[in-house]
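S.K.: Dropping the structure in here first, questions after.
In this note's numbering, the protein residues as written are 1 to 196.
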């Protein structure tokens with residue numbers, strides 16, 4: 001059984017990324033269950049999706065401490081959901097900071113030491129991804145989510161052609177080529193952030 005938790009903030013494409021993962025796993029012959037929780041998505045609030053796949057899956061909920069992979073499109077969201085990741089699980093974190101409404105309103109502060117916290121929390125199993133840079137290189141800045149899927153795909157036993165078919169089917173028609181390029185660029189990110 002493989003457990004994946006994907007998180008970010010509203011507007012970053014967590015729902016689309018999780019749908020692509022679900023479809024790719026299903027096409028690869030796995031039993032798949034998924035769960036999505038939408039926070040204040042329209043206001044840049046936290047969004048999390050859980051995807052589980054394997055020979056037989058009975059629940060869509062990933063227990064705390066049991067995720068094999070944590071895929072975070074925003075740095076603080078990686079810390080917020082760190083408790084889901086198993087002790088030997090891999091955190092794939094986008095180098096992106098989105099200031100929440102509570103911070104911009106002056107009700108809270110964005111942590112100044114996020115980099116240090118990430119490296120300490122996920123020591124030896126952290127993949128940092130320059131998602132925005134790679135998405136721009138792909139031709140569409142809104143493909144950061146697919147860049148991170150590309151990174152994740154290197155760890156999963158799902159054939160490349162299935163991923164490409166799912167992306168071509170689910171990505172907005174005008175952005176299919178950019179999404180395919182973003183996925184390919186993500187796959188070039190090495191296992192622990194070192195480009196291949």
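Cβ atoms here follow ideal geometry from the backbone N, Cα and C, with glycine treated the same way. These figures come from a predicted structure and were not determined experimentally.
In angstroms, rounded to a whole number, what distance separates the CA positions of residue 95 and residue 188?
M.R.: Here residue 95 is taken as the residue at index 95 of the chain shown, counted from 1. Here residue 188 is taken as the residue at index 188 of the chain shown, counted from 1. Whole-angstrom Cα-Cα distance: 16 Å.
S.K.: Fully enclosed by the stretch 136-164, which alpha helix (DSSP H) runs are 4 residues long or longer?
M.R.: Counting whole runs of 4 or more residues, the stretch 136-164 contains the alpha helix (DSSP H) stretches 144-153.
S.K.: Buried or exposed: where does residue 109 fall if 16 or more other Cβ atoms within 10 Å of its Cβ makes it buried?
M.R.: Position 109 of the chain shown, counted from the first residue, corresponds to residue 109. Answer is exposed; the Cβ neighbour count stays below 16.
S.K.: Whole angstroms are fine: how far does the CA of residue 121 sit from the CA of residue 153?
M.R.: Within the chain shown, numbered from 1, the residue matching residue 153 stands at position 153. Within the chain shown, numbered from 1, the residue matching residue 121 stands at position 121. Each residue's Cα considered, the two are about 23 Å apart.
S.K.: Report the rounded CA-to-CA distance for residue 6 versus residue 161, giving the unit in angstroms.
M.R.: Indexing the chain shown from 1 puts residue 6 at position 6. Indexing the chain shown from 1 puts residue 161 at position 161. Rounded to the nearest angstrom, the two C-alpha atoms are 22 Å apart.
S.K.: Rounded to whole angstroms, what's the CA-CA distance from residue 166 to residue 111? Just pull it up for me.
M.R.: Counting from one through the chain shown, the residue named residue 166 turns up at place 166. Counting from one through the chain shown, the residue named residue 111 turns up at place 111. Rounded to the nearest angstrom, the two C-alpha atoms are 37 Å apart.
S.K.: Are the CB atoms of residue 178 and residue 139 nearer to each other than 9 Å?
M.R.: Position 178 of the chain shown holds residue 178. Position 139 of the chain shown holds residue 139. Cβ distance < 9 Å, so residue 178 and residue 139 count as in contact.
S.K.: Have a look at 79, 86, 159 and flag the residue whose alpha-carbon is nearest the alpha-carbon of residue 114.
M.R.: In the chain shown, residue 114 corresponds to position 114, counting from 1. It is 79 whose Cα lies nearest to the Cα of residue 114.
S.K.: DSSP three-state call for residue 68: helix, strand or coil?
M.R.: Locating residue 68 in the chain shown gives position 68, counting from the first residue. Reduced to three states, the DSSP call for residue 68 is strand.
S.K.: Tell me the rounded alpha-carbon separation between residue 145 and residue 135.
M.R.: What you label residue 145 is simply residue 145 of the chain shown in a count that begins at 1. What you label residue 135 is simply residue 135 of the chain shown in a count that begins at 1. If I take the Cα positions, the gap works out to 9 Å.
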